[in-house]
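In the numbering used here, the protein residues as written are 12 to 141. Following: one structure in structure tokens, then a few remarks.
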Amino acid sequence: MQFPPELRYSQEHEWVRVEGDEAVIGLTDFAQHSLGDVVYIEYRSQPGDHVAVGDVVAEVESVKAVSEVFSPVGGELLDTNEDLDGAEELVNQDPYGGGWLLRIRLSDPAQVDALMDASTYQAFVAEQDS
């Protein structure tokens, strides 16, 4: 399993990559492995919406389950990954690249600091897996 060190991680298994005043968000490698093949993504929030930490922003349907995606940071939703429409498997194939889900303009960059770093998240996953 991959845990890129430049990312931050939530307890709900979302990752955050900060790019200036924006955050790109997706599902972690652990999450996509747990879900199995992703077959459908439904966004609950649309570009222009303001989302808060913990808001349900999407639902991901896989062959195993339907799972909610929670926003790990707050701010204005700028974009959803339209490339996933009809190519949902990108979440499984490239969770930290082409499989990203959302882009948010951060309302409070300090929220990123409250998320786990890669080593803390790796330990968190190991604890859950045992």
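Cβ coordinates follow ideal geometry from the N, Cα and C atoms, glycine included.
Self-check item: Per-residue burial, Met127 [other beta carbons within 10 Å of its own, 16 or more giving buried]
Solution: The residue you call residue 127 lines up with position 116 of the sequence shown. Buried is the call here.
Self-check item: Whether Leu46 touches Ser78 by CB criterion (8 angstroms)
Solution: By 1-based counting over the sequence shown, the position of residue 46 is 35. By 1-based counting over the sequence shown, the position of residue 78 is 67. Yes, these two residues count as a Cβ contact at 8 angstroms.
Self-check item: Buried versus exposed, by CB contacts within 10 Å (16 or more), Tyr20
Solution: Position 9 of the sequence shown, counting from 1, holds the residue named residue 20. Buried, since its Cβ has 16 or more Cβ neighbours within 10 Å.
Quiz prompt | Contact under 8 angstroms by Cβ, Pro16 with Ala129 | solution = Against the sequence shown, residue 16 aligns to sequence position 5. Against the sequence shown, residue 129 aligns to sequence position 118. Yes.
Exercise. Please state whether DSSP places Tyr20 in a helix, a strand or coil.
Key: Within the sequence shown, residue 20 is the residue found at index 9, counting from 1. It is a strand residue.
Quiz prompt | Straight-line Cα distance separating Asp119 from Gly65 | solution = The residue you call residue 65 lines up with position 54 of the sequence shown. The residue you call residue 119 lines up with position 108 of the sequence shown. For Gly65 and Asp119, the distance between alpha carbons rounds to 14 angstroms.
Self-check item: Range of the contiguous beta strand (DSSP E) that encloses Pro102
Solution: Counting from one through the sequence shown, the residue named residue 102 turns up at place 91. One detail in the question is off: residue 102 reads as Val in this sequence, not Pro. That residue, Val102, is in no beta strand (DSSP E); its alpha helix (DSSP H) goes Leu101 to Gln104.
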